[in-house]
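Here the structure is laid out as C-alpha cells; the discussion comes afterwards.
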Amino acid sequence: MVRVCRIVGIHDTIQRFQNRYGSFVEEGGQNFSGGEKQRLAIARALLSKADLYIFDEATSNLDSFSEQII
Numbered sequence: 045m046v047r048v049c050r051i052v053g054i055h056d057t058i059q060r061f062q063n064r065y066g067s068f069v070e071e072g073g074q075n076f077s078g079g080e081k082q083r084l085a086i087a088r089a090l091l092s093k094a095d096l097y098i099f100d101e102a103t104s105n106l107d108s109f110s111e112q113i114i
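Right, here's the structure in full:
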C-alpha cells in the first residue's frame, strides 16, 4: 500500500495526518483537496490488482507534474 501511495504521490500527504495510514477520510473527503482525492482513488484502484483498469478523467484535478507521474 505504501509503495502504491508513493507512486501516485499521496504518501507524503498521508504522513502529515496524526494517525498516518490509520486516519479516516472525513465525509465527502473534506480533509483532502480535489487532487488528493483523485490520487487516493487511483491508489485504491491499483491496490485492487485488477486485470484491466478503465479511467475516465483520472487526472483532471491534478497538476501537470502529478499527471505525468500517474
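Under the numbering used here, the residues of the sequence shown are numbered 45 to 114, in order.
Cβ atoms here follow ideal geometry from the backbone N, Cα and C, with glycine treated the same way.
Here the structure is a predicted model, which means the values were calculated and not measured.
When secondary structure is reduced to three states using DSSP, Ile98 falls in the coil class, being assigned neither helix nor strand. The alpha carbon of Phe109 has as its nearest neighbour, out of Arg47, Leu91, Gly79, Gly72, the alpha carbon of Gly79.
Remark: C-beta atoms of Arg88 and Gly53 do not approach each other more closely than 8 Å. Separation of Ser77 and Lys93 (C-alpha to C-alpha, rounded to the nearest whole angstrom) is 25 Å. Residue state for Val52 is assigned as helix, using DSSP reduced to three classes.
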